[in-house]
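Trainee:
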Amino acid sequence: MSELTMVEALRSGMREAMHADASVVLLGEDVGRVGGVFRVSDGLRDEFGPARVIDTPLSEGGIVGTAIGMAMHGLRPIAEIQFADFIYPAFDQLVNEAAKIRYRSGGQFSVPLVVRAPYGGGIKGGHYHSQSPEAYFTHTAGLKVVCPSNPRDAKGLLRAAIDDPDPVIFFEPKRIYRAVRDEVPDEIRVPLGKAEIVREGADVTLIAYGAMLYEALAAAEEVAREGIEVELVDLRTLIPLDLETLEASVNKTGRFVVVHEAPLTSGFGAEIVSRLTERCFYALEAPPIRVTGFDTPFPYTLEDVYLPLARRIAPALRKAMED
Amino acid sequence: MSELTMVEALRSGMREAMHADASVVLLGEDVGRVGGVFRVSDGLRDEFGPARVIDTPLSEGGIVGTAIGMAMHGLRPIAEIQFADFIYPAFDQLVNEAAKIRYRSGGQFSVPLVVRAPYGGGIKGGHYHSQSPEAYFTHTAGLKVVCPSNPRDAKGLLRAAIDDPDPVIFFEPKRIYRAVRDEVPDEIRVPLGKAEIVREGADVTLIAYGAMLYEALAAAEEVAREGIEVELVDLRTLIPLDLETLEASVNKTGRFVVVHEAPLTSGFGAEIVSRLTERCFYALEAPPIRVTGFDTPFPYTLEDVYLPLARRIAPALRKAMED
Amino acid sequence: MLGNTERPGGERGARAADPDLVRVLDDEGRAMRKPVLPIERRLALYEAMVRSRRLDERLERVQRQGRIGFHIGSQGEEAAVLGVAEALAPEDWIAPCYREVAALLHRGFPLEAHLDNVFGNADDPNVGRQMPVHFASRAHRCLSVSAPIGTQLPHAVGLAYAMKLRGEHAAVAAFFGDGATSSQGFHDAMTFAGVMKVGVAFFCRNNGWAISLPAHEQCAARALADKAVGYGIPAVRCDGNDLLAVFEVASRALDTARRGGGPTFVELLTYRAGPHSTSDDPTRYRDPDEVSRWAARDPITRLRKHLEREDAWDIDREAALLARVDAELKEAIARAEKKPRPSVASLFDDVYAEPTEALLAQKREALALDEGGEG
Amino acid sequence: MLGNTERPGGERGARAADPDLVRVLDDEGRAMRKPVLPIERRLALYEAMVRSRRLDERLERVQRQGRIGFHIGSQGEEAAVLGVAEALAPEDWIAPCYREVAALLHRGFPLEAHLDNVFGNADDPNVGRQMPVHFASRAHRCLSVSAPIGTQLPHAVGLAYAMKLRGEHAAVAAFFGDGATSSQGFHDAMTFAGVMKVGVAFFCRNNGWAISLPAHEQCAARALADKAVGYGIPAVRCDGNDLLAVFEVASRALDTARRGGGPTFVELLTYRAGPHSTSDDPTRYRDPDEVSRWAARDPITRLRKHLEREDAWDIDREAALLARVDAELKEAIARAEKKPRPSVASLFDDVYAEPTEALLAQKREALALDEGGEG
Ligand SMILES: Cc1ncc(C[n+]2csc(CCOP(=O)(O)OP(=O)(O)O)c2C)c(N)n1
Ligand SMILES: Cc1ncc(C[n+]2csc(CCOP(=O)(O)OP(=O)(O)O)c2C)c(N)n1
Ligand SMILES: [Mg+2]
Ligand SMILES: [Mg+2]
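Chains as they are written, first to last, in my numbering: chain A, 1 to 323; chain B, 1001 to 1323; chain C, 2001 to 2375; chain D, 3001 to 3375.
1. Taking its Cβ as the centre, do 16 or more other Cβ atoms sit within 10 Å of residue 3360 of chain D, making it buried, or is it exposed?
2. Go through its chain and collect everything with a Cβ distance to residue 2002 of chain C's Cβ below 6 Å, but skip five positions before and after it.
3. At what residue ranges does the segment 2237–2316 of chain C contain a whole run of the alpha helix (DSSP H), taking only runs of 4 or more?
4. Closer than 8 Å is the cut-off here; do at least three beta carbon pairs connect the segment 3239–3254 of chain D with the segment 3075–3082 of chain D?
5. Can residue 3272 of chain D be considered in contact with ligand 4, in the sense that its beta carbon sits closer than 7 Å to one or more heavy atoms?
6. Determine, for residue 230 of chain A, whether the minimum Cβ-Cβ distance to residues of chain D falls below 8 Å.
7. Could you name the residues of the same chain whose beta carbon sits closer than 7 Å to that of residue 1087 of chain B, not counting the 5 residues immediately before and after it, in chain order?
8. Name the chain A residues that come within less than 9 Å of residue 3131 of chain D, Cβ to Cβ?
9. Cβ of residue 3217 of chain D less than 8 Å from any chain A Cβ?
10. Does residue 1273 of chain B have its Cβ less than 8 Å from a Cβ in chain A?
11. Would residue 312 of chain A count as contacting chain D if we go by Cβ distances under 8 Å?
12. Rounded to whole angstroms, what's the CA-CA distance from residue 2198 of chain C to residue 2252 of chain C? Just pull it up for me.
13. Under a CB-based cut-off of 8 Å, is residue 1096 of chain B close to chain A?
14. Compute the Euclidean distance between the alpha carbons of residue 256 of chain A and residue 205 of chain A, then round it to the nearest angstrom.
15. Can you give the beta carbon distance from residue 45 of chain A to residue 37 of chain A, rounded, assuming they're within the 8 Å contact cut?
16. Are the C-beta atoms of residue 317 of chain A and some chain D residue less than 8 Å apart?
17. In the segment 2199–2227 of chain C, which residues sit with their C-beta less than 8 Å from some C-beta in chain B, listed in chain order?
18. How should residue 1253 of chain B be labelled, buried or exposed, when 16 other C-beta atoms within 10 angstroms of its C-beta is the threshold for buried?
19. Tell me, please, whether the CB atom of residue 1100 of chain B is closer than 8 Å to any CB atom in chain A?
20. Give the interface partners of residue 2265 of chain C over in chain A, defined as CB-CB distance under 8 Å, in chain order.
21. Name the chain A residues that come within less than 9 Å of residue 2146 of chain C, Cβ to Cβ?
22. Is residue 1181 of chain B closer than 8 Å to residue 1047 of chain B when the C-beta atoms are compared?
23. Since residue 3022 of chain D sits in a beta bridge, which residues does DSSP pair it with?
24. Within its chain, find whatever has a CB closer than 7 Å to the CB of residue 1141 of chain B; leave out the 5 residues flanking it on each side and keep chain order.
25. Buried or exposed for residue 2267 of chain C, please, with buried defined as at least 16 other CB atoms from any protein chain shown within 10 angstroms of its CB.
26. Which residues in chain C have a C-beta closer than 7 Å to the C-beta of residue 166 of chain A? List them in chain order.
27. Relative to the C-alpha of residue 1063 of chain B, which candidate in B:1043, B:1150, B:1093 has its C-alpha closest?
28. For residue 3263 of chain D, I'd like the list of residues in its chain whose CB is within less than 6 Å of its CB, leaving aside the five on either flank, ordered along the chain.
29. Grouping DSSP H, G and I as helix and E and B as strand, with all else coil, what is residue 126 of chain A?
30. With 8 Å as the threshold, decide whether the Cβ of residue 2285 of chain C is near any Cβ in chain B.
31. Ends of the alpha helix (DSSP H) at residue 1145 of chain B?
32. Around the C-beta of residue 2315 of chain C, are 16 or more other C-beta atoms found within 10 angstroms, so that it is buried, or is it exposed?
33. Near residue 2039 of chain C, what residues of its chain come up, given a Cβ to Cβ distance below 7 Å and the 5 sequence neighbours on each side ignored?
34. Taking residue 2184 of chain C as the query, report the chain B residues whose CB atoms sit under 8 Å from its CB, ordered along the chain.
35. Less than 8 Å between C-beta atoms, sequence neighbours within five positions excluded: which residues of the same chain meet that for residue 277 of chain A?
36. I'd like to know if residue 3062 of chain D contacts chain A, where contact means its C-beta is closer than 8 Å to some C-beta of that chain.
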């Protein structure tokens, strides 16, 4: 057990997995010699050698496609996409291949693959170093989608993802790669598909994940001073979705607000609003609210305006209570 | 004005556009010599020559990437993707390039591009000749998304899409390419962003698009015999969404059901349910219902079970009235 | 193919592959040198080629009768497929395109299982989830056919890498067409195979067409083999309608792969004698002269002439073979056609190893409707 | 680079590009033959190279001081960029990667506009929407820099096709790095350019590295120019640190393009003298010896030596140049830094030609919050 940042926790998770299982390999652009542009895999190439920590050519399709082949023959590849914004050249391999191979082969083949990708804004990365593409993958049957918000979960979910027999897209909120420290146990597993109630409250349910959790928390604390008690749920896994936890909370509070960085339209917030409206309709006392990125590309200078920061979440919580 | 199938109407739309404007070109796999695998462009190569009706190499990324370059320098390319299931190799070009070029250049460049793709099930096409990937594109700011349900709209919306200064993804419901005939005027335009009320009714709003419109209509007629009056809305354009028409209808009926072929989770139905719940919350008398494809890849033999046919829509309408 | 490779301007540009084709049999089936493949195997392969051809012809008829929705065959390319299949060791893998079902049958995949897939019935190894002729057999070390072109190629590279890391000395035979060389998967696989030096033999069935696009409009290179040089991968061009040449070239490429010598690119020059698939009408875009020119180079006829020259074949044997194959196929098709379709419940299996709650809910809904009647 | 191209097995494989480099100046700046570029232009280009270098150095310092978030420079590659820029006709287009801002400045793009982009201020032609050094100027016929690698290359092809169809006789100069040759965009662009025979000159700045990946691990080919043969595109290799050679090679390639002669692939051998960007620390992966070996071949030093030999340059001129450039840059940076950031309202423009209802609603929301204070 040690105090780790998310970067260190992820590294420790990969290191443990690579020690425990010789079939775990890491591949991606710059993951070896420099240990990844965010240093998540720093030192792993020295420790496990270039055959298991592979600096690949510049092609995300090649990285994921090759990793799928590895996964079909006994390896447990972790493929790093340098920024989630660069995952689209691998979209066909993820959506048409990784997601469908088990199904289309009647279960003969499986693809135990983890695709790690730093995602989200807050580092002044503009259009192409800030995106949150998780919704695309949540619409793709056959994939699981994970998004941790703290070092402990990051490691525990990563270990669970590596153990998982199916392809997992693992989004890492890079804005908080080094912002938070946590006690992180050795050999920890956090099961996929379980949300966490981060703060209990009876008035309104606030649903967030990734880096926005801290903004949600700040907003919750802000409105607490006005007497609004927020129940904050950290999704942790988007697919499978822990509907049970969400439903229980919304049935209790009768109100909910969802937060994500991705654009509003067809973002994962839409799925959450729909599911909860369908399931908790008679318990709802106010319209659901989504606080999200705008329906524009991710900007550079004005990213503080674009992001659903506490300054936008708190008014939404108040509004949820007004209605 | 003539009686045309959707295939003929689309062809007539392209033909008129190519006659009217020498900058309109068509490119894609097999669009020239054979006139497309569905014959939508039959005869156009003979009429306009191989420089304007271009049989391309086998790469969707190349087709869309090249078309973007054309569009940035005065052409109005129509890029055909042979099946929507094969659009993913072009995903990066669509999502990171076409969608963002106007924005990222401060309006210096624009991409007046139409990407046509036959989509949806009902032809026993299995995993890779049946998909409905529209939701991915609705989550992508900078793109417009169109999906006609009849020959007249198909031509009118296609002409409007070609005229449009921004990239439009134009999904053609191949199941009804030849199933319906319509009076289709010359030089018709159907504006993007306007839904159509196909059937008026006071009890429940039913929202559909593409080939499922006919299933929705069949279901509406089925429940009409039981005294349930359905208001059926054909979206026609997904982005921009005609929220006004939807809102007015739902405010009237207090109940709604959304239908699409794509998988449930994070499908475009989620956005519609969310928007309407957010906007018409106090008018709603029953939980919204989505009738969609399942969260599995698209099957071959069991496609009739998978699709949201009338047999699944009618019970949903009844349920909407029960609650 | 078109495309100049030198340029007047003074600088010397990149140069092209040797255009020479590896051949063993001439067009009349005369062996130009002693074939490596023993005569019994030549006979067995001849039978396999004929069986493949008859299967395609029969299933095309079945499709026209509306009994199956779709078929895609390999008429004219049997030597390219089976010559490679014969060169495979049992531990080698196949990364198929879709015209290689004969290679899988050659490995012992049951005809019945193949036809179960063609009819999408309950016994289909793929549970009726994919279109006909989208085969997969882990037991026979054959990956799952994917319709998207070229996507199997990086899988082949990763699989070969996995074998290398695990110390297995086996090769991967990756199949694809001329059209596929333009795909993203091809570029990725060649790049990665080159630098990873994995044991993949890339078999490009250059059958002259990608649906309606002739190969010289697919790529301006003089030869598709020229692509390999840009990835640091050795290339060979081979007469793909010459079973004996294909076997020899494939044997060397696979052997190199098994010995850790890295990838080889093999261009098999052949011809798609039939339509692209039953959805296609090639008379719309192909010159009938071209078709008949290639009919004269048919790989089955060529091998038969060769066997006749060797006194290993005659009309009686031919007639007996056809009778036997036809009876087998007819019976097997009839059996597959009678089987029920997969259960509604099966729709929800294999999306994940364990179904999610969301899938279980959808399954309950589908089953309830199914029991409710109709459909 | 590694990779054998012949194989013991008997068949002859594909062959590689001529490894000879086009050069005009030797390492000491001696002209090995009469340069085509007149001496006044050599002087002008020298000044442009120095200006580019000083700009990079200064902006790296500004970044370290936290005044801008990011910078990406072209130190060591000035000849590769400016040699091409000089060969461009005004009607020609640039499809840039990101290290080519000097080419755009050479065309008359105002330094001020560039710095407005670097500071992401309200006057940025891109309205502060992209990271620094992501330039675009339709007025100067330069496409918009995109961070995703290789995506500009098919745009170059489509643009050249549009010019061909519209009867314009101009070329497109497409820039990219060694790493980009592995991208999907590269493969697509080369395939399409080959068969469409469009007027694109592909300038591959092979600077030895793609962030931390050395070029020989990017691709196993002996030379990147070898890739061209597989697309039927002529290739040239050129010393990319020799401004005069780059100019001559680029002139020929662009001229061919303008005359309808189709594409050319030009491999410019150069070296990324600095870090990949200000986010990078190359000491983690680069041998300092390699860096100093290449420093000895610096393109600016080489051209200065040449000009000195020609008696066209001396220390006084050098000092005057530096003083002039530094003053200009300092002043321009100070000005750009002072400008306000773009308005909140501008966030919602240019998503589409006309904003959708949804965007207008979001804009109202953002403006209300903005007026409400905080932030
Ligand atoms: C990504 C993708 N795009 C388009 C198609 C449609 N399509 C199916 S086969 C084919 C041509 C393939 O040609 P080739 O690779 O030469 O193989 P062949 O059929 O000739 O054996 C095309 C365009 C597809 N299956 N996948
Ligand atoms: C699709 C994509 N993947 C990854 C990256 C991250 N990245 C930025 S530059 C770069 C290396 C580019 O190398 P090269 O093409 O040689 O150009 P250079 O920077 O050396 O000029 C990488 C991997 C990216 N920008 N786009
Ligand atoms: Mg072919
Ligand atoms: Mg480089």
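Idealized CB from N, CA, C, for every residue including glycine. It should be emphasised that the depicted structure is a prediction, and the values quoted were computed from it without experimental measurement.
Mentor: Reading from the atomic positions:
1. exposed
2. Residue placement at residue 2002 of chain C is flagged as unreliable, the pLDDT there being 26, under the threshold of 50; a coordinate-derived value is accordingly withheld.
3. 2243–2258, 2288–2295, 2299–2309
4. yes
5. yes
6. no
7. 1060, 1081, 1117, 1133
8. 124, 125, 126, 127, 128, 129, 300
9. yes
10. yes
11. yes
12. 15 Å
13. yes
14. 4 Å
15. Contact doesn't hold; Cβ gap of about 14 Å is too wide.
16. no
17. 2210, 2211, 2212, 2213, 2217, 2218, 2219
18. buried
19. yes
20. What residue 2265 of chain C touches in chain A: nothing, since even the nearest Cβ is about 17 Å away.
21. 96, 97, 100, 101, 104
22. no
23. D:3238
24. 1099
25. buried
26. 2352, 2353
27. B:1093
28. 3193, 3200, 3233
29. helix
30. yes
31. Here residue 1145 of chain B belongs to no alpha helix (DSSP H); instead the beta strand (DSSP E) covers 1144–1146.
32. exposed
33. 2310, 2312
34. 1059, 1061, 1089
35. 284, 288
36. no
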